[in-house]
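Student: Going from the sequence shown to this note's numbering is simple: count from 1 and add 2.
Glycine included, C-beta positions come from ideal geometry on N, C-alpha and C.
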Amino acid sequence: MKQMDEKRLYEACVRKEKKAQKELYDSYSPLLMGVCMRYANSREEAEDILIEGFTHIFTHLEEFRFECSLSSWMRKVMTHTAISFFRKHHKHHNGIPMDEAFEREWKAAQSTPVEVTEAKNILSLVQKMPETLRVVFNLFVVEGYSHKEIAEMINCKESTSRSQLTRAKSWLKERIQ
Numbered sequence: 003m004k005q006m007d008e009k010r011l012y013e014a015c016v017r018k019e020k021k022a023q024k025e026l027y028d029s030y031s032p033l034l035m036g037v038c039m040r041y042a043n044s045r046e047e048a049e050d051i052l053i054e055g056f057t058h059i060f061t062h063l064e065e066f067r068f069e070c071s072l073s074s075w076m077r078k079v080m081t082h083t084a085i086s087f088f089r090k091h092h093k094h095h096n097g098i099p100m101d102e103a104f105e106r107e108w109k110a111a112q113s114t115p116v117e118v119t120e121a122k123n124i125l126s127l128v129q130k131m132p133e134t135l136r137v138v139f140n141l142f143v144v145e146g147y148s149h150k151e152i153a154e155m156i157n158c159k160e161s162t163s164r165s166q167l168t169r170a171k172s173w174l175k176e177r178i179q
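1. In chain order, what residues of the same chain have a beta carbon less than 6 Å from the beta carbon of I85, not counting five sequence neighbours either side?
2. Quick check on DSSP: helix, strand or coil for M39?
3. Taking 8 Å as the limit between beta carbons, can you name the residues of its chain near T57, skipping five residues before and five after?
4. List, from N- to C-terminal side, the beta strand (DSSP E) runs of 3 residues or more that fit wholly inside the region 17 to 66.
5. Is the beta carbon of I59 less than 8 Å from the beta carbon of M35?
6. Given that a residue counts as buried once 16 or more other Cβ atoms are within 10 Å of its Cβ, and exposed if not, what is F68?
7. Taking all protein chains shown into account, decide if E133 is buried (16 or more other Cβ within 10 angstroms of its Cβ) or exposed.
8. Give me the residue from E145, C15, E160, A153 with the minimum Cα distance to H62.
9. Grab the span of the alpha helix (DSSP H) containing R155 for me, first residue to last.
10. What did DSSP end up calling E176 once you bin it into helix, strand or coil?
11. By the 10 Å Cβ neighbour count, where 16 or more other Cβ atoms means buried, how is S44 classified, buried or exposed?
12. Looking at S161 and I152, is the spacing between their C-beta atoms short of 8 Å?
13. For P32 and R169, I'd like the C-alpha separation in whole angstroms.
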């Protein structure tokens, strides 16, 4: 979408015009669903993240200042929504510290082979990655966050972020070969 069209659409959405909000959703949901799919365990979970993210986008749209493109800002909002979702739903570790949860999930993943022939593309293979590895992999490799930023986002040590990235790369390499 052109910058001018994006700005007009933004202004109409800020005025709460339903048609503009629908157009924004229809125009950007495929792109943002891709962000959600990288973090989610399933399509249903990705759809939940997408809805939560768009709710946040529409609620906080007036805070956008055109320091970057609207689509870049929405991608960032969606990434943060996915991380919040990850944190909120990571309670299945029953209060186990995140570093220990990473360790347990890594050990469990070692005994669960995934055939590359089952993966239609690298995204579907990444989606099969254990959740804790997938989150760190996406934040570092795809989104470009530093290990320090990742550690703050998911509440773990910086060294844990580094080791999870190493394990994620190793996990992918084993399944690609």
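Tutor: Per the coordinate set shown:
1. Here the set comprises M155.
2. Helix.
3. Cβ within range, chain order: n/a, list empty.
4. Runs of the beta strand (DSSP E) spanning 3 or more residues and lying entirely within the region 17 to 66 do not occur at all.
5. No, the Cβ-Cβ distance between I59 and M35 is not below 8 Å.
6. Within 10 angstroms of the beta-carbon of F68 lie fewer than 16 other beta-carbons, which makes it exposed.
7. Label assigned to E133: buried.
8. Here the closest residue by C-alpha is C15.
9. First, the residue type needs correcting, since residue 155 is Met and not Arg in the sequence shown. Taken as a continuous stretch (DSSP letters only), the alpha helix (DSSP H) holding M155 covers 149 to 156.
10. Residue state for E176 is assigned as helix, using DSSP reduced to three classes.
11. Taking a 10 Å sphere around the C-beta of S44, we find fewer than 16 other C-beta atoms and assign the residue as exposed.
12. I152 is not a Cβ neighbour of S161, given a cutoff of 8 Å.
13. Here the alpha carbons of R169 and P32 stand approximately 29 Å from one another.
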